[in-house]
Amino acid sequence: MNMRATPYFQTQVIGCGPGALGLAVAADRLKLLDSLLGQGIAFLEKAPNPKELFNQRFPFLIESNSIADDFFKSIDSEGAFSETCRNENSRLVFSREGRTLPLELIKAFMNDLTKAFLEKCCFSGASGIFFGREIDHLQIGEDGSVTSFNRSGAPIAKSMYAVLATGAGENLPLHAHGPGNLFHFLPSGEVLSGKFAEISREIASGKPIIILGGSHSAFSVALLILDRFGSRLSTGQIQLYHRGVCLYFTSQREASESGYFLPGAHIFRSTGEVNKFNGLRGRAKNLYQQVQSGIEMRVSVKGKNAYADFLAKAEFPALIIQATGYKTRRIGIINHMGVPIRNLHSNKNCMVDSQCRLLDSSGEILPNLFGIGIGYPRLSENKELKIGVNFFHGPDGETIVRQIVSPSKTTVSAETALASNSNLNGVPS
Ligand SMILES: Cc1cc2nc3c(=O)[nH]c(=O)nc-3n(C[C@H](O)[C@H](O)[C@H](O)COP(=O)(O)OP(=O)(O)OC[C@H]3O[C@@H](n4cnc5c(N)ncnc54)[C@H](O)[C@@H]3O)c2cc1C
Numbered sequence: 164m165n166m167r168a169t170p171y172f173q174t175q176v177i178g179c180g181p182g183a184l185g186l187a188v189a190a191d192r193l194k195l196l197d198s199l200l201g202q203g204i205a206f207l208e209k210a211p212n213p214k215e216l217f218n219q220r221f222p223f224l225i226e227s228n229s230i231a232d233d234f235f236k237s238i239d240s241e242g243a244f245s246e247t248c249r250n251e252n253s254r255l256v257f258s259r260e261g262r263t264l265p266l267e268l269i270k271a272f273m274n275d276l277t278k279a280f281l282e283k284c285c286f287s288g289a290s291g292i293f294f295g296r297e298i299d300h301l302q303i304g305e306d307g308s309v310t311s312f313n314r315s316g317a318p319i320a321k322s323m324y325a326v327l328a329t330g331a332g333e334n335l336p337l338h339a340h341g342p343g344n345l346f347h348f349l350p351s352g353e354v355l356s357g358k359f360a361e362i363s364r365e366i367a368s369g370k371p372i373i374i375l376g377g378s379h380s381a382f383s384v385a386l387l388i389l390d391r392f393g394s395r396l397s398t399g400q401i402q403l404y405h406r407g408v409c410l411y412f413t414s415q416r417e418a419s420e421s422g423y424f425l426p427g428a429h430i431f432r433s434t435g436e437v438n439k440f441n442g443l444r445g446r447a448k449n450l451y452q453q454v455q456s457g458i459e460m461r462v463s464v465k466g467k468n469a470y471a472d473f474l475a476k477a478e479f480p481a482l483i484i485q486a487t488g489y490k491t492r493r494i495g496i497i498n499h500m501g502v503p504i505r506n507l508h509s510n511k512n513c514m515v516d517s518q519c520r521l522l523d524s525s526g527e528i529l530p531n532l533f534g535i536g537i538g539y540p541r542l543s544e545n546k547e548l549k550i551g552v553n554f555f556h557g558p559d560g561e562t563i564v565r566q567i568v569s570p571s572k573t574t575v576s577a578e579t580a581l582a583s584n585s586n587l588n589g590v591p592s
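Here you go:
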């Protein structure tokens, strides 16, 4: 029997994606990174090793929806990531200021930041990124402490605070319920990462390619198919059905000048941007506008009601690409008695309050638990739901860091930490 005590950290973060990394970037910006690391923070990541983590990030062959600035503007270029900020990938990202950029480049940039952070963690001696740690659930102790467990029920780490940064997976509502013989449902992520075999067959047989959704992913699927199979496509062969399409504009004036119908649009109070979080930008926006103005005839964009018409006339089996949003990759939470605590949800996402604190199903704050990243949209004080893009280096990381780091506490030096802290050797997988 393993009698080793569960390793203790001040904070454990579940997941080590861009959201989690946002904590380190924010702490560095606030000059609190050494305190954060010195007080002990464990990043528990399910990818088995750094190589796998780096491979799995942004595997998509498309342009970002965010502009380059959203990825770099809040990094302190003189801080812990200064060397990364001067390397070739960073230079390429910075050169796209004000514009969208290939996600491949974001992947390289994000991986460089993670490598720099890994080194920084190794040096701190009290903190680390631990790979191959897939967390199944958290238990809140009577004293408010948090313990993480793997699927076999073994404790992994104990802490005062936990930050959930598990991201989100595709929400595929039709996958489970669709009559399998009539339809073949394909997740948009598969197409966006280059799986084209079925699409190629479908195009060769002259059938329509159906895309469900009106988001960046949906329009990016259409663009990728146009780029790949353009000359083989007939008029209207790509059919996109949506419940609503939002376009991004830098200002209300720009939106009005483009003839965009503003009522119902979301205006971001601090900057005046229109549909900052959910509006189409870059090539995706151009495609929508070209279809609307009749310049791009190979794609038709139709409202949801038209989908029923398609179903009535469809030639089966039909291929349908679902780009129907994302849902939190959830992990369980139980109280000290083992009773499950349910999170507050909105559109299949776990909600956090304006301070990024996790909420239970009745909207009460769950003490010491935070959420960051794509699966954990924040409701700001202005009641603006911040989802999808732009949170990475936004205020979320900063908000959490301010709550978990005590600047007054003396930072443990690397040597002292190494001598006194056996945590880093003891984190079970
Ligand atoms: C096609 C597409 C285009 C996009 N374009 C943009 C864009 O332009 N701009 C933008 O900001 N965002 C974009 N996004 C969203 C993008 O995915 C997020 O910005 C970013 O990846 C979110 O980071 P995250 O850390 O929250 O989640 P993730 O990147 O999903 O990271 C979560 C991490 O947690 C780990 N994990 C999950 N569950 C567990 C567990 N139980 N235990 C331990 N570890 C776990 C995962 O392995 C992963 O490493 C796009 C997404 C898609 C699909």
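Numbering of the sequence shown is given in this note's numbering, commencing with residue 164 and proceeding in unit increments. Don't be surprised by glycine CBs; every beta carbon is placed ideally from N, CA and C. Treat the numbers as computed from the prediction; the structure is a model and nothing was measured.
Legend entry - Residue-chain proximity (Leu386, chain C), Cβ-Cβ < 8 Å: Absent from the structure: chain C. Only one protein chain is present.
Legend entry - Residue from Gln455, Arg364, Thr169, Ser227 whose Cα sits closest to the Cα of Phe440: For Phe440, the nearest C-alpha among the options comes from Ser227.
Legend entry - Boundaries of the alpha helix (DSSP H) in which Asn334 is found, first to last residue: For Asn334, no alpha helix (DSSP H) segment is defined, and its DSSP state is neither H nor E.
Legend entry - Backbone CA spacing between Ser287 and Asp239 [nearest angstrom]: Linking Ser287 to Asp239 through their CA atoms gives a straight-line distance of about 19 Å.
Inset, instruction - For Glu118, write down the residues that DSSP places opposite it in a beta bridge. - result: Nothing can be reported for residue 118: it is not among the residues displayed for the chain, which extend from 164 to 592.
Legend entry - Beta bridge counterpart(s) of His347 as assigned by DSSP: DSSP output for His347 lists Leu482 as bridge partner(s).
Legend entry - For Phe359, the three-state DSSP class (helix, strand or coil): Of the three classes helix, strand and coil, the one that applies to Phe359 here is coil, per DSSP.
Legend entry - Contact between the stretch 245-259 and the stretch 287-296 (3+ Cβ pairs under 8 Å): Output reads no: the stretch 287-296 does not touch the stretch 245-259.
Inset, instruction - Please name the residue or residues paired with Thr310 in a DSSP beta bridge. - result: Beta bridge pairing from DSSP links Thr310 with Gln302, Lys321.
Inset, instruction - Answer yes or no: the CB of Asn228 versus the heavy atoms of ligand 1, is any distance below 7 Å? - result: Yes - ligand 1 has a heavy atom lying nearer than 7 Å to the Cβ of Asn228.
Inset, instruction - Using only the heavy atoms of ligand 1, determine whether one of them is closer than 7 Å to the beta carbon of His347. - result: His347 Cβ: outside cutoff for every heavy atom of ligand 1.
Inset, instruction - Classify Thr398 as buried or exposed, calling it buried when 16 or more other Cβ atoms lie within 10 Å of its own Cβ. - result: Only exposed fits Thr398, as fewer than 16 other CB atoms lie within 10 angstroms of its CB.
Inset, instruction - Run the CB neighbour count on Asn595, radius 10 Å, all protein chains shown included, and call it buried at 16 or more, exposed below. - result: Given a span of 164 to 592 for the chain in the structure shown, any question on residue 595 remains unanswerable.
Legend entry - Near ligand 1: Pro594 beta-carbon under 7 Å from a heavy atom: Residue 594 lies beyond the stretch modelled for the chain, which goes from 164 to 592, so this question has no answer here.
Inset, instruction - With a threshold of 7 Å, establish whether the CB of Glu297 neighbours any heavy atom of ligand 1. - result: For ligand 1, at least one heavy atom lies less than 7 Å from the Cβ of Glu297.
Inset, instruction - Tell whether a beta-carbon distance below 8 Å holds between Ile535 and Gly304. - result: Contact: no.
Inset, instruction - Report buried or exposed for Arg520, applying the criterion of at least 16 other Cβ atoms within 10 angstroms of its Cβ. - result: Counting Cβ neighbours within 10 Å, Arg520 comes out buried, since at least 16 surround it.
Legend entry - Per DSSP, cross-strand counterpart(s) of Gly495: Per DSSP, His300.
Legend entry - Distance cut-off 7 Å: Thr329 Cβ against heavy atoms of ligand 1: Because some heavy atom of ligand 1 lies under 7 Å away, the Cβ of Thr329 counts as near it: yes.
Inset, instruction - In angstroms with no decimal places, state the Cα-to-Cα distance between Thr277 and Leu184. - result: Their backbone Cα atoms lie some 7 Å apart in a straight line.
Legend entry - Integer Cβ distance of Ile230 from Ile494, believed to fall under 8 Å: Actually they do not touch by this definition, with Cβ atoms about 32 Å apart.
Inset, instruction - With a threshold of 7 Å, establish whether the CB of Asp233 neighbours any heavy atom of ligand 1. - result: Result yes, Cβ under 7 Å from ligand 1.
Inset, instruction - Could you tell me which residues DSSP pairs with Val256 in its beta bridges? - result: According to DSSP, Val256 bridges with nothing at all.
Inset, instruction - Would you mind sorting Gly316 into buried or exposed? The rule is 16 or more other CB atoms within 10 Å of its CB. - result: Burial call: exposed.
Legend entry - Gly369 versus Asp390 - alpha carbon distance: CA-to-CA, the gap between Gly369 and Asp390 works out to about 18 Å.
Inset, instruction - Indicate, with yes or no, if ligand 1 has a heavy atom lying under 7 Å from the CB of Glu208. - result: Checking the Cβ of Glu208 against ligand 1 gives yes.
Legend entry - Pro530 (DSSP reduced to helix, strand or coil): Judged by DSSP in its simplified three-state form, Pro530 adopts strand.
Inset, instruction - Please confirm whether any heavy atom of ligand 1 lies closer than 7 Å to the CB of His429. - result: Result no, Cβ not under 7 Å from ligand 1.
Legend entry - Rounded Cβ spacing between Glu297 and Tyr489 (contact assumed at less than 8 Å): At roughly 19 Å, the Cβ-Cβ gap does not stay under 8 Å, so Glu297 and Tyr489 are not in contact.
Inset, instruction - Can you tell me which of Ala331, Glu459, Leu207, Ile366 puts its alpha carbon nearest to the alpha carbon of Leu301? - result: Nearest to Leu301 by C-alpha distance, out of Ala331, Glu459, Leu207, Ile366, is Leu207.
Legend entry - Those residues which DSSP pairs with Gln175 across a bridge: Paired residues: Ala205, Ala325.
Inset, instruction - With Gln455 as the anchor, note down where its alpha helix (DSSP H) starts and where it stops. - result: Per DSSP, the unbroken alpha helix (DSSP H) holding Gln455 starts and ends at 445-455.
Inset, instruction - Can you tell me the Cβ-Cβ gap for Ser524 and Arg541, rounded? I've got them flagged as a contact below 8 Å. - result: With 8 Å as the limit, Ser524 and Arg541 do not qualify as a contact, their Cβ atoms being about 18 Å apart.
Legend entry - Residues of its chain near Ala190, where Cβ-Cβ distance is below 6 Å and the 5 sequence neighbours each way are ignored: Leu196, Leu199, Val564, listed in sequence order.
Inset, instruction - Check Arg432 in the structure and name its three-state DSSP category. - result: Looking at Arg432 - three-state DSSP - the assignment turns out to be coil, as it is neither helix nor strand.
Legend entry - Residue(s) in a DSSP beta bridge with Cys285: DSSP, once it has assigned bridges, lists no residue as partnering Cys285.
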